[in-house]
Amino acid sequence: MGAFGKKMQLNFFEGACTGSHTAIGQWKSPEDNSRTKDRLDYWLWLARLAEKGKITTVFIADSYAGHNIYAGSADASYKGGSHIGKLDPLVIVPAMAAVTQSVSFGITASTSYIAPYALARTYSSLDHLTNGRVGWNIVTSHSNSAAQAFGRDQVVPHDERYAAAEEYMDIVYQLWEKSWEDGAQVWQEEPEMAYDPSKIHKIHYEGKYHKMHAFHQTHPSPQRTPLLFQAGSSKAGIQFGGKHAEGIFCANPTIESTKKYTAAVRAKAVEEGRDPSSIKFFLGIMPIIGRTLEEAEAKLEAARKRVSINGGLARFCGFTNVDLSGYALDEEFKFEGKHHENTIQGVIDNIKLISTEKVFTPRVVAEMFALGGSGPRPVGTPVMVADFFEQWWREGDLDGFNINYVSNPGSFEDVVELLIPELQKRGIYWDDYPVPGGTARENFQSLPGQKLLPPEHPGAKFRWNAVSKTAEVNGPKAVEEDVQVEKIKLNGTDTTVVTVTAA
Numbered sequence: 001m002g003a004f005g006k007k008m009q010l011n012f013f014e015g016a017c018t019g020s021h022t023a024i025g026q027w028k029s030p031e032d033n034s035r036t037k038d039r040l041d042y043w044l045w046l047a048r049l050a051e052k053g054k055i056t057t058v059f060i061a062d063s064y065a066g067h068n069i070y071a072g073s074a075d076a077s078y079k080g081g082s083h084i085g086k087l088d089p090l091v092i093v094p095a096m097a098a099v100t101q102s103v104s105f106g107i108t109a110s111t112s113y114i115a116p117y118a119l120a121r122t123y124s125s126l127d128h129l130t131n132g133r134v135g136w137n138i139v140t141s142h143s144n145s146a147a148q149a150f151g152r153d154q155v156v157p158h159d160e161r162y163a164a165a166e167e168y169m170d171i172v173y174q175l176w177e178k179s180w181e182d183g184a185q186v187w188q189e190e191p192e193m194a195y196d197p198s199k200i201h202k203i204h205y206e207g208k209y210h211k212m213h214a215f216h217q218t219h220p221s222p223q224r225t226p227l228l229f230q231a232g233s234s235k236a237g238i239q240f241g242g243k244h245a246e247g248i249f250c251a252n253p254t255i256e257s258t259k260k261y262t263a264a265v266r267a268k269a270v271e272e273g274r275d276p277s278s279i280k281f282f283l284g285i286m287p288i289i290g291r292t293l294e295e296a297e298a299k300l301e302a303a304r305k306r307v308s309i310n311g312g313l314a315r316f317c318g319f320t321n322v323d324l325s326g327y328a329l330d331e332e333f334k335f336e337g338k339h340h341e342n343t344i345q346g347v348i349d350n351i352k353l354i355s356t357e358k359v360f361t362p363r364v365v366a367e368m369f370a371l372g373g374s375g376p377r378p379v380g381t382p383v384m385v386a387d388f389f390e391q392w393w394r395e396g397d398l399d400g401f402n403i404n405y406v407s408n409p410g411s412f413e414d415v416v417e418l419l420i421p422e423l424q425k426r427g428i429y430w431d432d433y434p435v436p437g438g439t440a441r442e443n444f445q446s447l448p449g450q451k452l453l454p455p456e457h458p459g460a461k462f463r464w465n466a467v468s469k470t471a472e473v474n475g476p477k478a479v480e481e482d483v484q485v486e487k488i489k490l491n492g493t494d495t496t497v498v499t500v501t502a503a
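Dropping the structure here:
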């Protein structure tokens with residue numbers, strides 16, 4: 001609950017590749033414009049539309065090297081247009097920010113293949129160029145194809161990737177929060193001092209997986225640390241999300257499974273000393289909306305006809321690390337024994353819950369993963385779809401939804417022009433951004449002035465203070481800190497007091 005009360009938030013979920021990230025084969029529609037994603041006009045159109053609908057974040061998913069598990073090659077991905085023809089989303093966002101004022105941008109980047117020093121500079125740069133409207137979706141990357149693209153024989157085991165990511169976070173937090181004090185930019189002519197060297201500090205880190213000795217090359221951006229997103233349903237993923245994430249993406253197929261997941265993450269947040277309500281959860285959903293039920297059902301039927309079986313199989317096998325090419329399209333297979341070390345946790349359980357089919361075949365899972373995957377897919381009028389959204393939002397412990405689209409133009413416009421007015425009519429969706437022109441974190445939390453990580457967040461403990469000065473004087477040896485967060489009443493106002501002392 002922010003200062004404006006809880007309102008439902010919506011994100012546009014996109015990928016910088018041919019077709020929809022979650023609707024594969026829809027490029028066959030003569031109206032579909034996804035083939036123009038290699039032109040800036042597409043992204044400027046998307047940014048303006050998002051701001052028109054008061055969308056919280058345009059989230060651009062990303063991955064490396066594509067899916068090559070099915071039949072041991074990427075041919076099915078190429079034929080179906082699944083996650084192929086992919087641009088680097090990091091270079092797109094500044095242009096989108098230039099034509100908007102308030103919508104934020106979330107971009108995926110991997111802790112496994114980008115050096116922490118490089119990533120810290122990139123996101124600081126983006127935060128400057130967007131006036132603080134950038135978020136980072138933290139992933140560890142699960143595929144062997146990505147590992148091989150970066151010169152490795154195979155992907156690092158699942159839990160070890162998360163252990164390395166913990167060290168990674170310690171480094172980037174220190175670069176963003178600790179390397180530069182406030183006031184380091186001076187711009188003084190006499191005596192000459194553009195930057196005060198006494199307020200810029202070298203970070204020393206040596207761990208099991210990462211080593212770095214450097215000062216942050218970029219001065220502090222509006223948020224310092226970008227808004228942090230994550231998605232993960234494994235034990236390690238839930239632990240990581242509860243510690244670090246401010247926003248979490250989920251793809252649970254039922255309200256009950258959603259509540260169970262959010263409760264698990266919030267419990268981990270409490271263990272880390274965080275306010276569990278500070279984490280916001282967004283369910284992936286694919287609404288198909290028509291002015292009449294018949295129109296919506298016709299849109300669904302047209303989308304089903306365009307589904308790519310090749311692309312759906314490539315996506316399913318890529319997520320599960322299980323090759324189904326040994327089965328005929330309509331031959332039954334069993335999920336038992338199909339789990340793999342690098343399976344995305346929960347994928348198989350989720351599709352079991354949502355499938356109405358008694359028999360699983362490659363065709364069944366291909367059609368499912370080529371049109372929405374494991375998340376819900378409400379079909380109907382604006383009132384019907386709004387009912388669905390509101391029920392899940394109220395009963396599922398959700399803060400909002402990631403909108404997966406079928407085809408554009410069309411899907412996102414239906415959300416902005418048909419669904420959002422109905423949600424606003426019910427008083428559950430904001431009429432304007434809580435902080436017009438504000439940072440990603442301010443609008444995300446509906447808290448004016450909350451540009452930085454909140455004091456109870458583990459990244460905030462690295463923020464420059466007297467203890468950090470002791471460490472700087474004494475050399476690179478780490479100084480342990482005791483951080484105490486106390487909430488008090490000050491002049492009738494709830495105030496957070498942070499006390500930091502050397503252990």
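Note that full-length UniProt numbering has the sequence shown beginning at 1, numbered continuously upward. Don't be surprised by glycine CBs; every beta carbon is placed ideally from N, CA and C. Just so we're clear, the structure is a prediction, and the values are computed from it rather than from any experiment.
Contact set for residue i: own chain, Cβ-Cβ below 7 angstroms, skip 5 residues either direction
{"i": "residue 431", "result": "424"}
{"i": "residue 422", "result": "382, 383, 386"}
{"i": "residue 70", "result": "76, 313, 314, 317, 323, 324, 325"}
{"i": "residue 491", "result": "In this prediction, residue 491 has a pLDDT of 38, which is less than 50 and means its spatial position is unreliable; nothing more can be read from the coordinates."}
{"i": "residue 178", "result": "201, 203, 462, 463, 464, 468"}
{"i": "residue 261", "result": "233, 250, 252"}
Residue range of the alpha helix (DSSP H) that includes residue i
{"i": "residue 194", "result": "Premise fails: residue 194 lies in the beta strand (DSSP E), 193-195, not in any alpha helix (DSSP H)."}
{"i": "residue 174", "result": "158-177"}
{"i": "residue 237", "result": "235-244"}
{"i": "residue 50", "result": "40-52"}
{"i": "residue 209", "result": "Taken as a continuous stretch (DSSP letters only), residue 209 belongs to no alpha helix (DSSP H), as it is neither H nor E."}
{"i": "residue 217", "result": "Note, residue 217: premise wrong, no alpha helix (DSSP H); not H, not E."}
{"i": "residue 135", "result": "Element bounds for residue 135: not the alpha helix (DSSP H) but the beta strand (DSSP E), 134-139."}
{"i": "residue 119", "result": "116-129"}
With 16 other Cβ atoms within 10 Å as the buried cut-off, status of residue i
{"i": "residue 398", "result": "buried"}
{"i": "residue 386", "result": "buried"}
{"i": "residue 329", "result": "exposed"}
{"i": "residue 72", "result": "exposed"}
{"i": "residue 271", "result": "exposed"}
{"i": "residue 325", "result": "exposed"}
{"i": "residue 154", "result": "exposed"}
{"i": "residue 293", "result": "exposed"}
{"i": "residue 476", "result": "Note that residue 476 has pLDDT 39, beneath the 50 cutoff, so the model's placement of it is unreliable and the number below is only indicative. Exposed, because fewer than 16 other Cβ atoms sit within 10 Å of the Cβ of residue 476."}
{"i": "residue 215", "result": "exposed"}
{"i": "residue 183", "result": "exposed"}
{"i": "residue 27", "result": "buried"}
{"i": "residue 41", "result": "exposed"}
{"i": "residue 212", "result": "buried"}
{"i": "residue 298", "result": "exposed"}
{"i": "residue 20", "result": "buried"}
{"i": "residue 445", "result": "buried"}
{"i": "residue 308", "result": "buried"}
Nearest-angstrom beta carbon gap, residue j and residue i [assumed within contact, 8 angstroms]
{"i": "residue 80", "j": "residue 24", "result": "5 angstroms"}
{"i": "residue 253", "j": "residue 371", "result": "Incorrect: roughly 14 angstroms between the Cβ atoms, too far for contact."}
{"i": "residue 156", "j": "residue 165", "result": "So it is not a contact: roughly 10 angstroms between Cβ atoms."}
Beta-carbon spacing of residue i, residue j below 8 angstroms
{"i": "residue 135", "j": "residue 228", "result": "yes"}
{"i": "residue 312", "j": "residue 369", "result": "yes"}
{"i": "residue 400", "j": "residue 148", "result": "no"}
{"i": "residue 38", "j": "residue 87", "result": "yes"}
{"i": "residue 210", "j": "residue 180", "result": "no"}
{"i": "residue 403", "j": "residue 150", "result": "no"}
{"i": "residue 379", "j": "residue 296", "result": "yes"}
{"i": "residue 274", "j": "residue 457", "result": "yes"}
{"i": "residue 137", "j": "residue 111", "result": "no"}
{"i": "residue 18", "j": "residue 29", "result": "no"}
{"i": "residue 94", "j": "residue 60", "result": "no"}
{"i": "residue 74", "j": "residue 85", "result": "no"}
Contact set for residue i: own chain, Cβ-Cβ below 8 angstroms, skip 5 residues either direction
{"i": "residue 51", "result": "100, 101, 102, 103"}
{"i": "residue 222", "result": "127, 128, 131, 132, 439, 451"}
{"i": "residue 506", "result": "Beyond the ends of the chain as shown, which are 1 and 503, falls residue 506; an answer cannot be given."}
{"i": "residue 449", "result": "442"}
Element boundaries [beta strand (DSSP E), containing residue i]
{"i": "residue 186", "result": "185-188"}
{"i": "residue 71", "result": "Per DSSP, residue 71 belongs to no beta strand (DSSP E) and is neither H nor E."}
{"i": "residue 104", "result": "104-110"}
{"i": "residue 17", "result": "Element bounds for residue 17: n/a, residue is neither H nor E."}
{"i": "residue 248", "result": "247-250"}
{"i": "residue 430", "result": "Run containing residue 430: none; DSSP gives neither H nor E here."}
{"i": "residue 61", "result": "57-61"}
{"i": "residue 283", "result": "280-285"}
Residues of its chain near residue i, where Cβ-Cβ distance is below 6 angstroms and the 5 sequence neighbours each way are ignored
{"i": "residue 174", "result": "203, 462"}
{"i": "residue 473", "result": "Its pLDDT being 39, under 50, residue 473 is placed unreliably by the model, and nothing is read from it."}
{"i": "residue 82", "result": "24, 311, 314, 315"}
{"i": "residue 15", "result": "21, 61"}
Chain B contact for residue i (CB, 8 angstroms cutoff)
{"i": "residue 94", "result": "Chain labels in this structure do not include chain B; a single protein chain is all it has."}
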